[in-house]
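In the numbering used here, the protein residues as written are 11 to 226.
Cβ coordinates follow ideal geometry from the N, Cα and C atoms, glycine included.
Notes to accompany the following structure.
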Amino acid sequence: MTPKLRITKSSTNGNVSERKVIPPVVLPQRGFFPFFQYVSTVGVYTTLIAFTAFFLPQSTRLLGPLPLRTTDRPQSAFMEALTARPTTTAAWICAGLCVLQVWWGGWVRKWYFEQGAHGTTDEVKMDRARFNAMWFTRLREAIGFTLFATVVAHVVIILFGAPLSSHHLHTALLAFAVALMTSFPPAFVLGYPSLASDTRTMVNRLHWVRLFAELS
11 MTPKLRITKS STNGNVSERK VIPPVVLPQR GFFPFFQYVS TVGVYTTLIA FTAFFLPQST
71 RLLGPLPLRT TDRPQSAFME ALTARPTTTA AWICAGLCVL QVWWGGWVRK WYFEQGAHGT
131 TDEVKMDRAR FNAMWFTRLR EAIGFTLFAT VVAHVVIILF GAPLSSHHLH TALLAFAVAL
191 MTSFPPAFVL GYPSLASDTR TMVNRLHWVR LFAELS
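Following this line, the structure appears as structure tokens:
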């Protein structure tokens with residue numbers, strides 16, 4: 011942007027002087043996505059999910075010796091730690107996902123803000139401060155919505171054939187893991203969807219619909 015010139019008159023001798031007026035720095039809205047940062051972060055995220063699924067449950071050995079079982083075919087010690095206590099394995103996976111999803115949601119929140127940030131440098135700083143101040147509020151909302159999604163997923167899993175009269179803990183842990191993977195990140199970034207009729211809530215609800223409609 012070319013700086014404008016403003017002509018002012020001196021109050022003492024009437025001489026005319028020129029002074030440059032420096033306009034505020036305006037940051038244009040970003041039209042690109044941080045692809046390389048996204049790929050590297052997703053690579054780390056995928057690796058940590060694999061670690062959570064296969065290696066974190068190995069900590070079951072710290073709780074005591076594994077129960078002796080008779081199986082059709084012998085299993086390796088690695089697989090035995092995963093299958094000897096299914097509920098313990100699922101609990102370890104859910105515990106790891108609780109930590110991992112908060113970390114992943116923080117990255118998604120960062121990208122979400124940077125994609126919509128525009129205006130002057132000071133305006134962007136103030137918007138970032140307000141956005142960061144909502145971190146704990148968004149975390150509480152995401153936790154509440156994840157628990158709600160767990161109940162919904164539990165019902166859906168039963169409708170798809172999970173036993174209704176037994177294995178309740180197995181089904182609940184599976185539903186919680188599904189809710190953590192699907193519902194926590196968008197709720198942490200966008201906030202939970204609401205049925206209110208104000209403009210901001212409707213826009214947020216449309217973001218949710220667009221997110222899952224494009225992934226379906």
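Candidates the options, of which the one nearest residue i by Cα
i, options, result
"Ala91", "Val109, Gly106, Ala105, Leu72", "Leu72"
"His178", "Lys135, Pro96, Gly129, Ile103", "Pro96"
"Gly115", "Asn214, Gln47, Val199, Ala143", "Val199"
"Phe45", "Phe146, Arg148, Glu124, Pro195", "Glu124"
"Tyr122", "Pro196, Ala143, Phe170", "Pro196"
"Thr98", "Trp113, Trp117, Ser69", "Ser69"
"Ala159", "Arg148, Ala185, Arg210", "Ala185"
"Leu157", "Thr192, Asp132, Thr131", "Thr192"
Nonlocal neighbours in the same chain, by C-beta distance under 6 Å from residue i, ignoring five residues either side
i, result
"Tyr202", "Glu151, Phe155"
"Ala100", "Leu183"
"Leu58", "Leu110"
"Thr48", "Here the sequence assigns Tyr to residue 48, which means Thr is not the residue at that position. Closer than 6 Å at the Cβ level, and outside the excluded window around Tyr48, lies no residue."
Cα-Cα separation between residue i and residue j, rounded to whole angstroms
i, j, result
"Arg138", "Ser50", "24 Å"
"Pro77", "Ala94", "7 Å"
"Pro75", "Gln85", "16 Å"
"Val219", "Arg79", "47 Å"
"Ala60", "Val188", "15 Å"
"Phe194", "Leu149", "9 Å"
"Ser207", "Phe64", "45 Å"
"Ala143", "Arg119", "12 Å"
"Thr56", "Arg210", "33 Å"
"Trp145", "Ser176", "39 Å"
"Trp113", "Ile153", "14 Å"
"Ala172", "Leu221", "28 Å"
"Gly126", "Arg83", "56 Å"
"Thr147", "Val161", "22 Å"
Residues near residue i in its chain [Cβ-Cβ closer than 8 Å; skip 5 each side]
i, result
"Leu174", "Ile168"
"Leu66", "Trp102, Ile103, Ala105, Gly106"
"Phe43", "Trp121, Gln125"
Counted within 10 angstroms of its Cβ, other Cβ atoms place residue i as buried (16 or more) or exposed
i, result
"Leu205", "exposed"
"Gln111", "buried"
"Leu190", "buried"
"Arg128", "The question names Arg, yet the displayed sequence has His at residue 128. The residue in question, His128, is exposed, as its Cβ has fewer than 16 Cβ neighbours within 10 Å."
"Phe88", "exposed"
"Thr181", "buried"
"Ala223", "exposed"
Close Cβ partners of residue i (< 7 Å) along its chain, the five nearest in sequence each way excluded
i, result
"Ala163", "Ala185, Val188, Ala189"
"Thr22", "At Thr22, the pLDDT of 47 sits below 50, so the modelled position is not reliable; the number obtained from the coordinates is stated separately. Correct list: empty, nothing qualifies."
"Trp117", "Thr51"
"Thr62", "Ile103, Gly106, Leu107, Leu110"
Short CB-CB distance (under 7 Å) between residue i and chain D
i, result
"Gln125", "Of the chains in the structure shown, none is chain D; there is only one protein chain."
Given 8 Å as the limit, is there contact between the segment 127-141 and the segment 210-218, that is, 3 or more CB pairs closer than that? They do not touch, by the three-pair rule.
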